[in-house]
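Position 46, counted from 1, in the sequence shown is what UniProt numbering calls 46; the numbers after and before it change by one each time, with no gaps.
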Amino acid sequence: MRDLMKGEMEELQSHLSKFEKIDSWLKDNHNNMTEEKVNEIRTKLDESMQESRQLKMSLMDTQTNVALMRTELAQLRNQYDQKCRELSHEMGRVAEQHTEHQHLTQQLSLLQEANKKLHDTNDTLRTVLELTPMQSRNASPEPFHDSSGSGPKR
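1) Roughly how many angstroms separate the alpha carbons of residue 114 and residue 93, rounded to a whole number?
2) Expressed to the nearest angstrom, what Euclidean distance is found between the alpha-carbon atoms of residue 125 and residue 100?
3) Taking DSSP as the reference, what is the three-state secondary structure of residue 191?
4) Residues in the same chain with beta-carbon distance under 7 Å from residue 17, minus the five sequence neighbours each way, listed in chain order, please.
5) How big is the Cα-Cα spacing for residue 43 and residue 62?
Below you can see the structure in the form of structure tokens.
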């Protein structure tokens, strides 16, 4: 019986040794697996942090560009407003010149018409003068009396 117990004891010792090895192996694998996962997570975390830094830098660049564009837009608006004021002023000046041109054209037309009438009157007087006999031209003209009766006009 002792031999039997001794055999069983050795067998149990052998099984215990195998279980300890398996347990150790499982713990190592579990620790390795956990360590691998931790390393994998750390790697992903590092990558995410790097990506986050890059995105923050990109965001700052974009914000800077937007600020510059807003400044340029404000400058362009100011230039546009200035050009609108200049255009409005110029249009007013052109309208004044156009009105003045129309007025001068109308005056010129009236003067040309008056000049034509004066020429026509002059031609009529010349014709009458040419038709009048020479004798009556040499005679002294009678003094002209105006309607007020104040005397002759010369």
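We put the beta carbon where it would ideally sit given N, CA and C, even for glycine.
Predicted model, so just to flag it, every value in this text is computed and none were measured.
If we stick to the structure as given:
1) 31 Å
2) 37 Å
3) Nothing can be reported for residue 191, as the shown portion of the chain is limited to 1 through 154.
4) none
5) 28 Å
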